[in-house]
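Be aware that the sequence shown starts at 1, since it is given in the working numbering, and climbs by one per residue.
Report on the structure given below.
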Amino acid sequence: MEKHLHIIDFTVPYPVTHGGLFDLFYKLPALQQQDVQIHLHCFLYNNMQQDILKQFCNTVHYYPRLTGHQALSMQLPHIVSSRVNEDLLQALLQNDYPILMEGVHSTYLLKDKRFNARKKFVRIHNIEHLYYRDLANTSHSYLKKMYYLRESRLLKKYEASIVNEANAFWGVTHQDVNFFREQFHCTTIDYLPVYLPDTWVVKTLSAMGSYCLYQGDLSVSINEQAVLWLLKNVFSKIKIPFVIAGKNPSQLLQSKIYQYTHCCLVSNPTEKEMQDMIAKAHIHVIYAESDAGIKLKLLNALFNGRHCVANAVSIKGSELETLCHIASDADSFCQVISNLFNAPFRADCTVMRKAVLEKMFNNTKNAQQQVQWIWGE
């Protein structure tokens, strides 16, 4: 029996420029290798069509996101209402193939009675209402703060309303799975590890690196706030080289970083440059105030770097605690980083990482599991 699958992506999944796109893109070749014939549907928003997607998909379709007043809704979150598209729905109705919706963003059809009899699956990439709450808490703009708060309220109601509308949900962390089970009473959610590049194998690196590194999308207020916290509470107290690398840092963030002579900002590095910085760092600093979703910066550091120092919230539910040094507060960050900066990264740490990571993040095994869940094979 041929296995056809519609996948609705909330954006174009290539190029893979930030953590939210890893699972979307690297899922495609993994499912193709399991003989799944993919019919991909993507929403365009300040991005372009990508021919590379045709290598992994039978068909690729693009749809515009609604903007302005067209996307306004009193009931639906904006991330959902801006992706309502009748052309997409009509394309899906041309056959009875199963449908995989990537993210809450792509789930409008769960509210459409025309799809009641279809096999429908949702990939949960985040607890979206918590994510938007955190954006509100860290935004410096009053208007953005009001938008994020409204979106968070609508998302909480919406997420709770869809838990009985799909055949199954798949979370990227155990933490997210448990949240859906406990808070939304969802009985059809399971854990499916995030898909990663096949080129990611645990690296054997020299014992010593040169600096501490924080990397991420610096235009996101949550990441900006993390860097500001680290500067104020940790690296103002310890004079250890600290590199901050990522996309589109604000003027505020730039000015704060330049106050410290032992801190350095690398704006908008290429992927090659970023991976080179990760390989040369001695300590990767992971700090977050939200435990929702998977932190791709953490996985990148564990596969491709040396020591990782993280606060408990940032790795909660990841099952990666044994691979990190945990810092509970500012003082412990200072102490752990100071102790590790002259400590070689040992070979047995690499062995432990291989045992954990290459078993958990196995694209072939995870694609086989996904096929079994969809088609029962």
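Ideal Cβ placement from N, Cα and C applies to all residues, glycine included.
In this text, all values refer to a predicted model and were calculated from it rather than measured experimentally.
* Kindly examine the ligand FAD and report whether one of its heavy atoms sits closer than 7 Å to the Cβ of Phe184. => The ligand content of the structure shown is nil, which means the ligand FAD is not present either.
With 16 other Cβ atoms within 10 Å as the buried cut-off, status of Thr173
Of the residues assessed, Thr173 falls on the buried side of the cut-off, its CB having 16 or more other CB atoms within 10 angstroms.
Could you tell me which whole alpha helix (DSSP H) segments of length 4 or greater appear in the stretch 288-350?
Look at the stretch 288-350 and you find these whole runs of alpha helix (DSSP H), each 4 residues long or longer: 296-304, 312-315 and 330-340.
Next item on the list: Pull up the CB-CB distance for Val243 and Leu213, whole angstroms please, since I reckon it's below 8 Å.
Entry: Rounded to the nearest angstrom, the Cβ distance from Val243 to Leu213 is 5 Å, consistent with a contact under 8 Å.
Next on the checklist: Just verifying my parser: in three-state terms, what is the DSSP assignment at Glu102?
Outcome noted: Residue state, collapsed to three classes: strand.
Note to self: Between which two residues does the alpha helix (DSSP H) holding Arg150 run?
What the structure shows: Arg150 -> alpha helix (DSSP H) spans Tyr142 to Ser161.
Simplified DSSP assignment, three categories, for Phe115: For Phe115, the secondary structure class from DSSP, reduced to helix, strand or coil, is helix.
*With a cut-off of 8 Å, do at least 3 Cβ pairs link the stretch 1-10 to the stretch 96-110?*
Touching, yes, given that three or more Cβ pairs across the two stretches are closer than 8 Å.
query = So, are the CB atoms of Tyr26 and Pro197 less than 8 Å apart?
reply = Result yes, Cβ atoms of Tyr26 and Pro197 sit closer than 8 Å.
- Query: So, His307 versus Ile283, is the Cβ gap smaller than 8 Å?
  - Reply: Contact check for His307 against Ile283 passes: the beta carbons are separated by less than 8 Å.
| message | Rounded to the nearest angstrom, what separates Met277 and Phe333 at their Cα positions? | response | Cα to Cα, the separation comes out at about 21 Å.
Indicate the three-state DSSP secondary structure (helix, strand or coil) for Gly209 in the structure shown. Correct three-state label for Gly209: coil.
>> Quick check: what's the CA-CA separation for Thr17 versus Glu271?
In response: Spanning the alpha carbons of Thr17 and Glu271 requires a straight line of approximately 8 Å.
Next item on the list: Look at the alpha carbon of Glu321 and the alpha carbon of Asn362, and state the distance between them as a whole number of angstroms.
Entry: So the alpha carbons of these two residues sit roughly 19 Å apart.
*Can you tell me whether Glu33 is buried or exposed, with buried defined as 16 or more other CB within 10 angstroms of its CB?*
Here the sequence assigns Gln to residue 33, which means Glu is not the residue at that position. Label assigned to Gln33: exposed.
Q. From Asp329 to Asn311, what distance separates their C-alpha atoms?
A. Distance between the alpha carbons of Asp329 and Asn311 is about 7 Å.
Next item on the list: Grab the span of the beta strand (DSSP E) containing Leu5 for me, first residue to last.
Entry: Bounds of the beta strand (DSSP E) holding Leu5 are Lys3 to Asp9.
- Task: Could you work out which residue in Glu273, Ile337 and Leu109 is closest to Asn233 when comparing CA atoms only?
- Result: Taking Asn233 as reference, the option from Glu273, Ile337 and Leu109 with the minimal CA-CA separation is Ile337.
Quick check on His185: buried or exposed, where buried means 16 or more other Cβ atoms within 10 Å of its Cβ? Around the beta carbon of His185, fewer than 16 other beta carbons lie within 10 angstroms, which makes this residue exposed.
query = Are there 16 or more other CB atoms within 10 angstroms of the CB of Gln90, so buried, or fewer, so exposed?
reply = Answer is exposed; the Cβ neighbour count stays below 16.
In three-state DSSP terms, what is Gln225? DSSP places Gln225 in helix when its eight states are reduced to three.
Check: Can you pull the DSSP bridge partners for Val122?
Finding: Bridge pairing for Val122: Met101 and Phe169 [DSSP].
Out of Cys264, Leu66, Phe121 and Asn304, point me to the one whose CA is closest to Thr199's CA.
Nearest Cα to Thr199 within the set Cys264, Leu66, Phe121 and Asn304: Asn304.
_Quick check on this structure: which residue in Phe22, Asn223 and Leu40 has the alpha carbon closest to the alpha carbon of Phe56?_
Answer by Cα proximity: Leu40.
- Item | Backbone CA spacing between Tyr287 and Ser318 [nearest angstrom] | When rounded, the distance between both Cα atoms is 14 Å.
CB of Val416 within 8 Å of CB of Arg353, strictly:
The structure shown does not extend to residue 416, since the chain is modelled only from 1 to 377, so the question has no answer here.
message: For the beta strand (DSSP E) containing Ser267, name the first residue and the last one.
response: Ser267 -> beta strand (DSSP E) spans Cys263 to Ser267.
Item to check | Segment contact flag, the stretch 112-127 with the stretch 160-167, C-beta cutoff 8 Å, min 3 pairs | outcome: Taking one beta carbon from each stretch, the stretch 112-127 and the stretch 160-167 have 3 or more pairs nearer than 8 Å; the two touch.
Practice problem: Under 8 Å by Cβ, that's how I've got Ser221 and Pro249 pegged, so tell me the actual separation to the nearest angstrom. | Solution: The C-beta separation of Ser221 from Pro249 comes to about 12 Å, leaving the pair out of contact by the 8 Å criterion.
Alpha-carbon spacing of Leu205 relative to Lys237, whole angstroms: So the alpha carbons of these two residues sit roughly 29 Å apart.
What residues in its chain sit with their C-beta under 6 Å from that of Tyr158, if we drop five residues either side in the sequence?
Only Pro77 meet the Cβ criterion.
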